[in-house]
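Residue numbers (our numbering): 233 to 340.
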């Protein structure tokens, strides 16, 4: 009889900092395209030395997220406390990923 195996993380997630997984778990509560938006934001944030992402229309188009869905998703992610959004007239929103439940930026 075989011993039961324990689930392991997908190999791509082995090197992911635990804080990113906690952030993703908190962000997954967002309905609709909120999770799609959260995944896109996290993917772009980990490629930079700082957790801020400029949310451009090109990024949204590549991810298949409409502008309306993106703004609704940003509102919901802000309500969940996982992002802080800085908006300026005529500019793309700048999104900072936060440690869930705090005002601290998520570290890479």
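Even glycine gets a Cβ: it sits at the ideal position worked out from N, Cα and C. The model shown is predicted, which means the values in this text are computed figures rather than measured ones.
List the DSSP bridge partners of residue 284. Translated into positions along the chain shown, residue 284 becomes position 52. BP columns for residue 284 point to 328.
Cβ neighbours of residue 318 in the same chain (closer than 6 Å, five flanking residues each side left out): As a position in the chain shown, residue 318 is number 86, starting the count at 1. The beta carbon of residue 318 is closer than 6 Å to those of 326 in its chain, skipping five residues each way along the sequence.
Excluding the 5 residues flanking residue 335 on each side, which residues of the same chain have their C-beta closer than 8 Å to its C-beta? The residue labelled residue 335 in the question sits at position 103 within the chain shown. Hits under 8 Å: 316.
Could you say which of 269, 338, 255 and 282 lies nearest to residue 289 if we only look at CA atoms? Working through the chain shown from its first residue, we reach residue 289 at position 57. Nearest C-alpha to residue 289: 269.
Can you say whether residue 281 is buried or exposed, counting buried as having 16 or more other CB atoms within 10 angstroms of its CB? Sequence index remark: in the chain shown, residue 281 carries index 49 (1-based). Residue 281 is exposed by the Cβ-count criterion.
Once DSSP output is grouped into helix, strand and coil, what is the label at residue 247? For the purposes of this step, residue 247 is taken as the residue at position 15 of the chain shown. With a pLDDT of 45 at residue 247, under the threshold of 50, the modelled position of that residue is not reliable, and the figure given next carries that caveat. For residue 247, the secondary structure class from DSSP, reduced to helix, strand or coil, is coil.
Based on Cα-Cα distance, which residue from 320, 332 and 321 lies nearest to residue 259? Counted from its first residue, the chain shown places residue 259 at position 27. The shortest C-alpha separation from residue 259 is found at 332.
Determine the contact status of residue 293 and residue 265, defining contact as a CB-CB distance below 7 Å. In the chain shown, the residue the question calls residue 293 occupies position 61. In the chain shown, the residue the question calls residue 265 occupies position 33. No, the pair does not count as a contact, with Cβ atoms beyond the cut-off.
According to DSSP, is residue 319 part of a helix, a strand, or is it coil? Residue 319 sits at position 87 when you count from the first residue of the chain shown. Three-state result, residue 319: coil.
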